[in-house]
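Going by the working numbering, the sequence shown opens with residue 4, and the numbers climb by one from there.
Beta carbons: idealized from backbone N, C-alpha and C, even for Gly.
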Amino acid sequence: MSASTIRKAKKIVDDGNVEKIDEDLFQIKSSSDPNKSYFVTSDSCECLGFKNFYKFHHGKGLKANCSHLEALRIFQAKNKSL
Ligand SMILES: [Zn+2]
């Protein structure tokens with residue numbers, strides 16, 4: 004994963020743009036458009052980057068990733084004690 008994805012993900016978490024909706028459902032605000040947000044679970048995201056990943060890399064056994072999924076991982080690691 005690229006360093007810029009991780010940087011973006013950290014900023015999303017630092018800005019408090021991750022909100023827990025349910026046990027495995029989170030709403031994450033877009034870093035590029037504050038009026039936009041995506042529903043994210045531990046292994047899927049609604050954003051275009053995530054969808055395009057499977058379009059372009061389908062069948063290669065790769066796991067899609069995007070800044071939102073990464074943000075969710077950082078968020079969960081931070082909130083483990085809760
Ligand atoms: Zn995403």
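{"query": "For residue 42, verify whether its CB is less than 7 Å away from any heavy atom of ligand 1.", "result": "no"}
{"query": "Using a Cβ-based criterion (distance less than 7 Å to any ligand heavy atom), does residue 75 qualify as near ligand 1?", "result": "no"}
{"query": "Starting from residue 51 and walking both ways along the alpha helix (DSSP H), at which residues does that stretch end?", "result": "51-60"}
{"query": "Short of 7 Å in beta carbon distance, which residues of its chain neighbour residue 50, apart from the five on each side in sequence? Order them along the chain.", "result": "41, 69 and 71"}
{"query": "Thinking C-beta only, is residue 74 closer than 8 Å to residue 16?", "result": "yes"}
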